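Asker: My questions all concern the structure below.
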């Protein structure tokens, strides 16, 4: 039986099917004594949190020697969430206001926090929503006295079949050597899918009506290049697939060996390939994969992984350490890019009726000049040691860029800086794309955030799985906007960011639009550079 889905992490593999039951905390049922006091219910939560945190510590310890720090930090983030005093305060209030069971309080509070984070529609914030689901699931499991539905270890090649995955489960999949993943739900833009791409785990999403469609232990051929899942294949189908795997493996090997060569098309067009990074250690990996620089350093994680705004010295050290491997090459730092719906702990952001069209990116920073000034102050200090470029997120109007430029010059004067770094805008809305002539005098360079540009152009939320089929990267409206951006950039550099930049099939059209610079997750760099070298453009 052949099933078709959406490739979320490119690769090809085969193995026996292992069916995994996704545990949804919203579906858990109560089983404990209903006559316990509010005080006893509070104590149950405290004890469950302690038990879960001990488990998380054990997981982190077991992964220390085999996983990168950023993946271990997923479990540490869950521990931080479970110990968050704001969450505990809300759970206590729920119990005191009439929810007499710990399970009800946990369910209500965590679902509320998840919904608020999801509505921000910013990938780095939505990662926290996945972490919240993960943490709440572990807590509910302990409260209900249930045994965690854990992933098995594989003694041979296995393909995991399930509804969807949480980020921590992806890390364990890699640790337990699964050959690939097939999801009946999910999105290629989810946090879990991004981690699978970084870890090189082949994955296809939205491929099955349900996980139960596949018999356990049957042979599965997973083609996560073309989005195909073949269940219980014939001998001939298996032989054809093995030949395809060999060709794909050879391609990957060639890409790896040539990863540090220049990326020039057969007609002599040179394309710069940069890396997106968001944390310590990622720059070294990007350099090893052949990136020519940092096209986008996201600093959101440096703010989200704590309970208060980092001080200047701490923020400076973190950023400097992140970008140090690329000293002397082009480096773009993006200003803090958050949304405006969620009161994110210490930031006290006002909740809005329509967060998708509210204070996001530069709009939020202009309302919080204390945050903006701090970032500009720190960026200028970094620039003295390692030259950088500064990018403004979610620009719509030219006066937004002018305000930032004026403030940057003001802060530079206060800090005794002789000059300011190049300042650019991120084009993420049709309005910005169609008004490039107004942005041009204020900007030194541009970056196109395709994930947001696609969702705003097609009116299809990037993480809403119900409209995944509508979020088409090859829509003619998108190509028209890209051509407009490039033709009206006045010769200034335009870098394409987001998932479209790492789509091998889109490369010919991307280059024909005039794009000559790409920025992507570092694991895709070798293959994209090899594809560029093979293009007759």
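In the numbering used here, the protein residues as written are 249 to 785.
Quick reminder that beta carbons are idealized off the backbone N, C-alpha and C, glycines included.
The structure presented is a predicted model; accordingly, all values stated were derived computationally and were not measured.
(1) Do the CB positions of residue 730 and residue 696 come within less than 8 Å of each other?
(2) Pick out whichever of 432, 568 and 761 has its Cα sitting closest to the Cα of residue 462.
(3) Starting from the Cα of residue 636, find the closest Cα among 704, 618 and 541 and give me that residue.
(4) Pull up the distance between the alpha-carbon of residue 652 and that of residue 469, whole angstroms please.
(5) Tell me where the beta strand (DSSP E) around residue 262 begins and ends.
(6) Could you tell me whether the Cβ atoms of residue 783 and residue 765 are closer together than 8 Å?
(7) In chain order, what residues of the same chain lie with their CB nearer than 7 Å to the CB of residue 786, ignoring the 5 residues before and after it?
(8) Given 8 Å as the limit, is there contact between the stretch 486-503 and the stretch 734-743, that is, 3 or more CB pairs closer than that?
(9) Give the single residue among 293, 307 and 672 whose Cα lies nearest to the Cα of residue 339.
(10) My output table needs one value for residue 456: the three-state DSSP class, helix, strand or coil.
(11) Restricting to Cα atoms, I'd like to know which of 724, 699 and 263 is closest to residue 467.
(12) Within 10 Å of its beta-carbon, does residue 720 have 16 or more other beta-carbons around it, so buried, or fewer, so exposed?
(13) Can you name the residues that DSSP bridges to residue 637?
(14) For residue 609, I'd like the list of residues in its chain whose CB is within less than 6 Å of its CB, leaving aside the five on either flank, ordered along the chain.
(15) Would you decide whether residue 509 is buried or exposed? Buried here means 16 or more other CB atoms lie within 10 Å of its CB.
(16) Could you tell me which of 410, 664 and 379 sits nearest to residue 456, measuring between CA atoms?
(17) Use the C-beta contact count for residue 498: other C-beta atoms within 10 angstroms, 16 or more gives buried, fewer gives exposed.
(18) Taking the continuous alpha helix (DSSP H) assigned at residue 297, which residues delimit it?
(19) So residue 404 packs on residue 326, CB below 8 Å; how close in whole Å?
(20) So the candidates are 265, 419 and 435; which of them puts its Cα closest to the Cα of residue 453?
(21) If you compare alpha carbons, which of 341, 313, 476 and 300 is closest to residue 256?
(22) Does the beta-carbon distance from residue 785 to residue 517 come in below 8 Å?
(23) Indicate the three-state DSSP secondary structure (helix, strand or coil) for residue 668 in the structure shown.
(24) Do the CB positions of residue 763 and residue 684 come within less than 8 Å of each other?
(25) Contact defined as beta carbons within less than 8 Å: I believe residue 444 pairs with residue 430. What is the distance between those atoms, to the nearest angstrom?
(26) To which residues of the same chain is residue 300 closer than 7 Å at the C-beta, ignoring the five residues directly before and after it?
(27) Assign residue 788 to one of two classes, buried (16 or more other C-beta atoms within 10 Å of its C-beta) or exposed (fewer than that).
(28) Using three-state DSSP, classify residue 498 as helix, strand or coil.
(29) So if DSSP puts residue 476 in a beta bridge, which residue, or which two residues, is it bridged to?
(30) Among 526, 286, 543 and 561, whose alpha-carbon lies nearest the alpha-carbon of residue 578?
(31) Any idea what DSSP makes of residue 758, helix, strand or coil?
(32) How is residue 778 classed by DSSP in three states: helix, strand or coil?
(33) So, is residue 623 buried or exposed, given that buried needs 16 or more other C-beta atoms within 10 angstroms?
(34) Assign residue 369 to one of three DSSP states: helix, strand, or coil.
(35) Can you give me the C-alpha to C-alpha distance between residue 420 and residue 317, rounded to a whole angstrom?
(36) Return the chain-ordered list of same chain residues with a C-beta closer than 8 Å to the C-beta of residue 441, the five sequence neighbours on each side being excluded.
Answerer: According to the structure data:
(1) For the purposes of this step, residue 730 is taken as the residue at position 482 of the chain shown. For the purposes of this step, residue 696 is taken as the residue at position 448 of the chain shown. In contact: residue 730 and residue 696 (Cβ atoms closer than 8 Å).
(2) Mapped onto the chain shown, residue 462 falls at position 214. Of 432, 568 and 761, the residue nearest in Cα terms is 432.
(3) Position 388 of the chain shown, counted from the start, is the residue given in the question as residue 636. For residue 636, the nearest C-alpha among the options comes from 541.
(4) Translated into the one-based positions of the chain shown, residue 652 becomes position 404. Translated into the one-based positions of the chain shown, residue 469 becomes position 221. Roughly 52 Å between the two C-alpha positions.
(5) Counting from one through the chain shown, the residue named residue 262 turns up at place 14. 260-267 is the span of the beta strand (DSSP E), which, as asked, contains residue 262.
(6) Taking the first residue of the chain shown as position 1, residue 783 is located at position 535. Taking the first residue of the chain shown as position 1, residue 765 is located at position 517. Against a cut-off of 8 Å, the Cβ pair of residue 765 and residue 783 comes out as no contact.
(7) No answer is possible for residue 786: the residues shown for the chain start at 249 and end at 785.
(8) no
(9) Sequence index remark: in the chain shown, residue 339 carries index 91 (1-based). Ranking the options by Cα distance to residue 339, first place goes to 293.
(10) Locating residue 456 in the chain shown gives position 208, counting from the first residue. If DSSP states are grouped into helix, strand and coil, residue 456 belongs with coil.
(11) Within the chain shown, residue 467 is the residue found at index 219, counting from 1. The shortest C-alpha separation from residue 467 is found at 263.
(12) In the chain shown, the residue the question calls residue 720 occupies position 472. Exposed, since its Cβ has fewer than 16 Cβ neighbours within 10 Å.
(13) As a first step, residue 637 is located in the chain shown; it is residue number 389 there, counting from the start. Answer is 580.
(14) Stepping through the chain shown from its first residue, residue 609 is reached at position 361. Cβ-Cβ distances below 6 Å link residue 609 to 585, 641 and 642 in the same chain, with the five nearest sequence neighbours on each side left out; the list follows chain order.
(15) Position 261 of the chain shown, counting from 1, holds the residue named residue 509. The residue in question, residue 509, is exposed, as its Cβ has fewer than 16 Cβ neighbours within 10 Å.
(16) One-based indexing of the chain shown puts residue 456 at position 208. If we check each option's Cα against that of residue 456, 410 comes out closest.
(17) Counting from 1 along the chain shown, the entry for residue 498 is found at position 250. With fewer than 16 Cβ atoms within 10 Å of its Cβ, residue 498 is classed as exposed.
(18) In the chain shown, the residue the question calls residue 297 occupies position 49. Looking at the DSSP string, the run of the alpha helix (DSSP H) that includes residue 297 is 286-311.
(19) The count along the chain shown starts at 1 and reaches residue 404 at position 156. The count along the chain shown starts at 1 and reaches residue 326 at position 78. So it is not a contact: roughly 30 Å between Cβ atoms.
(20) Stepping through the chain shown from its first residue, residue 453 is reached at position 205. Of the listed residues, the one whose Cα sits closest to residue 453 is 435.
(21) Reading the chain shown from its first residue, position 8 is the one you call residue 256. Considering only alpha carbons, the answer is 476.
(22) The sequence position of residue 785 within the chain shown is 537, counting from 1. The sequence position of residue 517 within the chain shown is 269, counting from 1. Yes, they are a contact pair.
(23) Within the chain shown, residue 668 is the residue found at index 420, counting from 1. Residue 668 falls in the coil class under three-state DSSP.
(24) Here the question's residue 763 lines up with position 515 in the chain shown. Here the question's residue 684 lines up with position 436 in the chain shown. It is not a contact, given that the beta carbons lie outside the stated cut-off.
(25) Taking the chain shown and counting its residues from 1, the one referred to as residue 444 is at position 196. Taking the chain shown and counting its residues from 1, the one referred to as residue 430 is at position 182. So it is not a contact: roughly 12 Å between Cβ atoms.
(26) Here residue 300 corresponds to residue number 52 of the chain shown, with the count starting at 1. So the qualifying residues of the chain are 330, 386, 387 and 390.
(27) Past the boundaries of the shown model lies residue 788; the chain is included only from 249 to 785, so the question cannot be answered.
(28) As a working note, residue 498 is residue 250 in the chain shown. In the structure shown, residue 498 sits in a helix (DSSP, three-state: H, G or I).
(29) Position 228 of the chain shown holds residue 476. Note: residue 476 sits in a beta bridge opposite 252 and 471.
(30) On the chain shown, position 330 is the one that residue 578 refers to. The residue with the shortest Cα to Cα distance from residue 578 is 543.
(31) Here the question's residue 758 lines up with position 510 in the chain shown. Helix at residue 758.
(32) Indexing the chain shown from 1 puts residue 778 at position 530. Residue 778 falls in the helix class under three-state DSSP.
(33) The sequence position of residue 623 within the chain shown is 375, counting from 1. A residue is called buried when at least 16 other Cβ atoms come within 10 angstroms of its Cβ; residue 623 meets this threshold and is buried.
(34) By one-based count along the chain shown, residue 369 stands at place 121. Its pLDDT being 47, under 50, residue 369 is placed unreliably by the model, and the measurement read from it follows with that caveat. Residue state, collapsed to three classes: coil.
(35) Mapped onto the chain shown, residue 420 falls at position 172. Mapped onto the chain shown, residue 317 falls at position 69. If you take the alpha carbons of residue 420 and residue 317, they lie about 14 Å apart.
(36) Here the question's residue 441 lines up with position 193 in the chain shown. Excluding sequence positions up to five before and after residue 441, its CB lies within less than 8 Å of the CB of 256, 257, 434, 435, 451 and 453, all in the same chain and listed in chain order.
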